[in-house]
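Listed in order, the protein sequences are those of chains A and B.
With the working numbering applied, the first sequence corresponds to residues 1117 to 1602, in that order.
With the working numbering applied, the second sequence corresponds to residues 58 to 372, in that order.
These notes are about the structure you will find just below.
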Amino acid sequence: MLKNYPAEGFYDEMVEAAGKVRPHYEKFRRILERHAVDDLNEKHETAQLSFLRQGITFTVYHEEGGTERTMPFDLVPIIINDKEWETVEAGIKQRVTALNYFLEDIYNENRIVEDGIVPKELIQQNQYYYEEQAAGLSLPHKNHIFLAGIDLIRDADGVYRVLEDNLRNPSGLSYVFQNRFVMRKVFPEFFFEHAIRTLEHQMSHSHQALLAHVPENSPNKDNPQAVLLTPGMYNSAYYDHVFLAQQMGIELVEGQDLLVKDDVVYMKTVRGLKRIDIIYRRIDDDFIDPEEFRSDSSLGVKGLMRALRWGNVAVVNSVGNGVADDKAMYAYVPEMIRYYLGEEPLIPNVDTYFLSDPEVRENVLGRLEELVIKNVGASGGYDMLIGPQSTERDREIFKEKIRENPQQYIAQPTIQLSRAPAFQKGRFYPCHVDLRVFAVGSDHIHVLPGGLSRVALKEGSLVVNSSQGGGGKDTWVLKKGEDVHA
Amino acid sequence: MLSRVASSLFWMARNVERAESNARVLEARLINALETQEYGKVALSDWEAVVEICASKLDYEEKGGSFTAEAAASYIALDPENLNSIRNCLENARFNARAVRDHIPEDFWYVLNEHYLSFRSEPFTDWNTRRIQTFLQDTQRLSYTLQGIIESSMLREEAYQFIKIGKWLERGEKTARVLNVMCEKTKEAEQEANANYYYWLSALQFLNGYSAYLKRFPPTMDPSHVIPFLISYEQFPRSIEYCMEHVRETVMKLENGQVSHYSEDLFKSLDYVSSEFMRIKFQKLSKEETGLFLDRFQNDLNRISSVFSSTYYFV
């Protein structure tokens, strides 16, 4: 099956060398080889249909409006052995802990700036830094990050590196569960023979963690009322919101369902107004309260920030988190870990060059074809130049952009993103992958075993974002000792 | 429960019910059209009646629609411009269902979504009448399946009750509408032989009551049997009285059998309709009186619908 599969040139998650799979993939390969290609095609088809039927879709916007699309599913899972996972788990905990300290610090004492670790301008000029709105808030457990999605990649040596932190509204958690659900349905035989860390109970744990954010003045401290605030079904991640609300057993509300009276937040029910204690919001800061942010927002709730400031409601993830997860601040996270925790980072960053320094800039502009250029404020794979895959014209455009606005861009070496086999249209071929790991924070941080493996299904492509044709894979974390017997 | 959610559940149910009943009316009419000759002019002209039952005749005429089988059928079944076309009803139902996915059974969503996906990919332009007929049957079956899922898997709590109230109100209204249009038509066509028979037979078929009716009454289509059967025959699940009785009963459950200050208006409007029924039930109404009663009743229904919406703070 993998006979002519090219294993050279990149780190491959499954194939070590031509014709040889890594030990923890051995059992998977054996079972896979019992299937004929037609059989796999059929299973592949069944899996895709299952997503569509369930309406597990995201919305892609274009000139004629929006289209609901499913994220393509690939049936070769990413398998992580328990040793590697231990490091990932500890590294994610470490990183999210430091990021949370950082947020608490810059919105209160600002020590890290005074001590000269992070430049003041980087914070002050950040478009997501909301000093006026978010400074001095007293948060339950001083926790700013209820749900984090940390994107990891593996380099040519198989070393995990952090590519990006998502501390605002990371999406994709529902896919972690649905990929597993579909995989179990289509390939039950794999699960009989592997001991995999289960995803059961993860959502009830998240629910507990959410309820731990009871605000100071809640009258229902033992039984707080939590809701998930969504921008509505036109949002591209609406299914994610539906899934999370459903699994946590909380009401899914829109801005129009809430109102603030005397600095208390209520939802409008058929029996009148009902007090809300905790809001897990999936609306961006800019839209959350027209009184203090964009006044043209119809998605948010007028007066919400006042209620928050009075300790009458808790809002997670916190307002103002964006300052910590942009692509420029990213470069300082290892320093934050050293500064707040006195530890060395367990998962390294990808090297990052700031283009505001004229010397660095000229050096970078001279070798654009080797580098990746990113807009520090953009996400979703937009406004990005991948040097080795760019044309002369693309590079000219970016040169122009960088010269005009150097502090808006960073450069990174092109990482030889790891690959894994994907099965599409009847054959196996190597595709680049990354892994979004989810961490749930309250009075402690919990890391979900596995995560969302995203795959760039277009051959050779490095962009895994679903809006740009990326797909998903199930991700297995093996239980301790499992790979030894493989 | 959020008012927005309750409102979506209510409208989801109404749209499914409306799609089903419009599909049935249109299907029955298309089948009858095959036997047109026997009934002469009457049957030819009554595409007008069907448009009036399933949509707004005024809108249709303004858009320049002609009263031929092809034009009317495609307007009622598929036209995106027609607010109440079956296609629009199904899209509305799915839209509402999507907004309340966490309050309805998963199977309900799967079935409705699957149906939507399969008919969304159809190139409606080349649909002939035969293809439309298949679509009409599918729509009715879809509605049966959805009702089955609700009955067999939903908790008998608020969400269920809002769905049921939507369904019964919609159903009662449709029966009143069919009756109203048929009263008009029989009045206009007094001179035509067979007109009475034809129209009352159609009314029963439109409301899925033909076989049920035959079990109790002779097959003569006597209006003095058909009209009371459709208005107040308590055992017939599409009679107006049956529907309204169920609305009332469900509102009672929703309110735990108590009338509170905020639900007072709602109960008053429901009581008013019940007393109207009691009043007409035991007296023989002339055709004119029936027509008047139905006019009043349709107004009462609109009022109930709006009081209901404000009682539960629908937006």
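Using N, Cα and C, we set each Cβ at its ideal position, and we do this for glycine too.
Note to self: Bridge partners for A:GLU1370 per DSSP, in chain order?
What the structure shows: A:THR1346
Item checked: Span of the alpha helix (DSSP H) around A:ARG1146 -> 1142-1148
Note to self: Need the endpoints of the beta strand (DSSP E) that A:SER1577 sits in, please.
What the structure shows: Neither: A:SER1577 is in no beta strand (DSSP E) and is coded neither H nor E.
Check: In chain B, which residues lie with their C-beta within 9 Å of the C-beta of A:LYS1384?
Finding: LEU59, SER60, ARG61, TYR370, VAL372
Next item on the list: Could you name each continuous alpha helix (DSSP H) segment of 4 residues or more that falls completely within the stretch 315-360 of chain B, going from the start of the chain to the end?
Entry: 321-338
Notebook entry, point to check: Is any beta-carbon of chain A found at less than 9 Å from that of B:ASP136?
Noted result: no
Next item on the list: Report the neighbours of A:ARG1169 on chain B: residues whose CB is nearer than 7 Å to its CB, in chain order.
Entry: TYR167, ASN170, GLU171
Notebook entry, point to check: Using the C-alpha atoms, what's the distance from A:ASP1405 back to A:SER1411?
Noted result: 8 Å
Notebook entry, point to check: A:GLN1362 CB to nearest chain B CB: under 9 Å?
Noted result: yes
Margin query: Just checking: is the beta-carbon of B:ARG158 within a distance shorter than 9 Å of some beta-carbon in chain D?
Written below: Protein chains in the displayed structure are A and B, and chain D is not among them.
Margin query: DSSP has A:THR1385 in a bridge; who is on the other side?
Written below: A:GLY1388, B:LEU59
Next item on the list: Quick one: residues in its chain with C-beta nearer than 8 Å to the C-beta of A:GLY1125, no 5 flanking neighbours on either side, listed in chain order?
Entry: GLN1532
Check: With a cut-off of 9 Å, does the C-beta of B:PHE324 fall near any C-beta of chain A?
Finding: no
Margin query: Is A:GLU1367 close to chain B? Criterion is C-beta to C-beta, closer than 9 Å.
Written below: yes
Next item on the list: Please state whether DSSP places A:VAL1593 in a helix, a strand or coil.
Entry: strand
Check: DSSP state of A:THR1530, grouped into three classes?
Finding: coil
Next item on the list: Starting from A:VAL1358, find everything on chain B with Cβ-Cβ shorter than 7 Å and list it in chain order.
Entry: ARG158, ASP159
Checklist line | Beta-carbon gap between B:SER142 and B:ALA106 smaller than 9 Å | finding: no
Next item on the list: Name, please, each residue of chain A whose Cβ falls closer than 8 Å to the Cβ of B:LEU174.
Entry: LEU1168, ARG1169
Note to self: Along the chain, where does the alpha helix (DSSP H) containing A:SER1569 start, and where does it finish?
What the structure shows: Segment 1568-1572 is the beta strand (DSSP E) holding A:SER1569; no alpha helix (DSSP H) there.
Item checked: Through-space distance from A:LEU1594 to A:ILE1195, alpha-carbon basis -> 7 Å
Notebook entry, point to check: Would DSSP call A:GLU1280 helix, strand or coil?
Noted result: strand
Checklist line | Cβ-based neighbour list, A:ASN1157, same chain, cut-off 7 Å, excluding 5 preceding and 5 following | finding: GLY1542
Checklist line | Three or more C-beta pairs below 8 Å linking the stretch 180-192 of chain B and the stretch 122-136 of chain B | finding: yes
Checklist line | CB contact check: A:GLN1341 to chain B, cutoff 9 Å | finding: no
Check: Are the beta-carbon atoms of A:THR1162 and A:VAL1292 separated by less than 9 Å?
Finding: no
Checklist line | Local Cβ density within 10 Å of B:ALA394, reported as buried at 16 or more and exposed below that | finding: Lying before the first or after the last residue shown, residue 394 of chain B is absent from chain B, which here runs from 58 to 372.
Next item on the list: State the DSSP-derived secondary structure class of B:ARG213, mapped to helix, strand or coil.
Entry: coil
Notebook entry, point to check: What is the rounded straight-line gap between the Cα of A:GLY1503 and the Cα of B:TYR173?
Noted result: 43 Å
Notebook entry, point to check: Touching or not, the stretch 1421-1438 of chain A and the stretch 1357-1369 of chain A, by the rule of three or more beta carbon pairs under 8 Å?
Noted result: no
Check: The beta strand (DSSP E) with A:HIS1562 in it runs from where to where?
Finding: 1561-1563
Check: Does B:LYS310 have its Cβ less than 9 Å from a Cβ in chain A?
Finding: no
Note to self: For B:HIS160, count the other beta carbons within 10 Å of its own beta carbon; 16 or more makes it buried, fewer makes it exposed. Which is it?
What the structure shows: buried
Check: Along the chain, which unbroken stretches of the alpha helix (DSSP H) at least 4 residues long are found entirely within the stretch 150-223 of chain B?
Finding: 163-177, 186-210
Next item on the list: Could you please give the first and the last residue of the uninterrupted beta strand (DSSP E) stretch that includes A:PHE1648?
Entry: Since the first residue of chain A shown is 1117 and the last is 1602, residue 1648 of chain A is not available in this structure.
Item checked: Validate contact between the stretch 1254-1261 of chain A and the stretch 1327-1335 of chain A using beta carbons, cut 8 Å, 3 pairs -> yes
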